[in-house]
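Written below as structure tokens is the structure these notes are about.
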Ligand SMILES: [Zn+2]
């Protein structure tokens, strides 16, 4: 066995690697395994195939009955297109994986395996369950890099209690869990259609973590891990945040944050994010136990941070985004483009 070659892609290669804007367009772009294989090939070798065995460039042999495999013209050895992706070693056809990732990336979160099975036209429930499980695993890996760190932009930080009474599976009254949050605040360009809402402010990237308590230690450690040093941070005047300036942040505490008008003025974006999070947790999952909460926070973060860019979500889910840097946020969060199928706007 060869070590899998890491698949690195330029995240900005939109023209060569289009993302469909509708289901019919999706079906036109990815009608069969051959079309999906061609996409994978382009994603991996933007400038043409390079044999990972002998480094020879040039058109490989293609095997009609095995679209996921290329063979080198020189050394004749084969290269699997799904190596290093979520599809590796799967017997499920590529176009089913592509369709599944498209559904997960672009449609209502929390689709059940049964709904999924029906949408994909699969005969076996187990197949649907496994695909969904693998794709969701890609969402619960936390994003690691720290947010903020940009001039002229600040980050709102706050904490909230999540949980309580739940219905359905795991029903009952659970102890509430403290969740800490940091969210980037961006500004729309003046003159765009939405620049009147909330003074043109909207959410950039988010970070969420279960916090042990409201102590300075818990909250400041969360900020240290989530927000780049030097960032301007706005919080309420809770003493737990008092140490942020010493830790190298440009910290501004807003007094009288219990007053809804003050909150709306100084911490509007994070409260919107909390409202969306709670709606999603209770509406989609009927509440979540403390044990699984961080995984759900990670899924929420994955969706939230890619909500304007399902193309990026789609590739991350399939595992073909590699270690590509986050998309160019100027373009991503210009605010001019909204996801066509998103069921709720989070900003
Ligand atoms: Zn070769």
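Residue numbers (our numbering): 4 to 350.
All C-beta atoms, glycine included, are put in the ideal place defined by N, C-alpha and C.
None of the values given here were measured: they were computed from a predicted structure.
For residue i, three-class secondary structure by DSSP
i           : result
residue 156 : coil
residue 101 : helix
residue 285 : helix
residue 211 : strand
residue 131 : helix
residue 161 : strand
residue 56  : coil
residue 32  : helix
residue 216 : coil
residue 38  : helix
residue 273 : helix
residue 107 : helix
residue 226 : helix
residue 121 : helix
residue 243 : helix
residue 93  : coil
residue 334 : Reliability fails at residue 334, whose pLDDT of 32 lies under 50, so the model's placement of it is uncertain and the value that follows must be treated cautiously. The answer is helix: DSSP assigns residue 334 an H, G or I state.
residue 126 : coil
residue 249 : coil
residue 299 : helix
residue 310 : coil
residue 144 : coil
Any non-hydrogen atom of ligand 1 within 7 Å of residue i CB
i           : result
residue 80  : yes
residue 137 : no
residue 59  : yes
residue 39  : no
residue 75  : yes
residue 56  : yes
Residue i versus the options, residue with shortest Cα-Cα distance
i           : options               : result
residue 214 : 203, 23, 264 and 228  : 228
residue 233 : 271, 275, 108 and 150 : 150
residue 207 : 135, 97, 147 and 307  : 307
residue 209 : 277, 247, 190 and 58  : 277
residue 252 : 156, 104, 301 and 128 : 156
residue 302 : 314, 244, 212 and 247 : 212
residue 272 : 219, 56, 203 and 250  : 203
residue 300 : 87, 64, 138 and 145   : 145
residue 216 : 191, 194, 189 and 180 : 180
residue 193 : 186, 133 and 205      : 205
residue 240 : 255, 322, 249 and 231 : 255
residue 188 : 122, 258 and 275      : 275
residue 250 : 262, 222 and 191      : 222
residue 165 : 29, 282 and 320       : 282
residue 27  : 320, 106, 121 and 162 : 106
In DSSP terms, what residue i is bridged to
i           : result
residue 116 : Answer is none; residue 116 lacks a bridge partner.
residue 73  : 65 and 82
residue 205 : 189
residue 255 : 237
residue 180 : 165
residue 150 : 230
Below-8 Å beta-carbon distance, residue i vs any chain B residue
i           : result
residue 234 : Any reference to chain B falls outside this structure, which holds one protein chain only.
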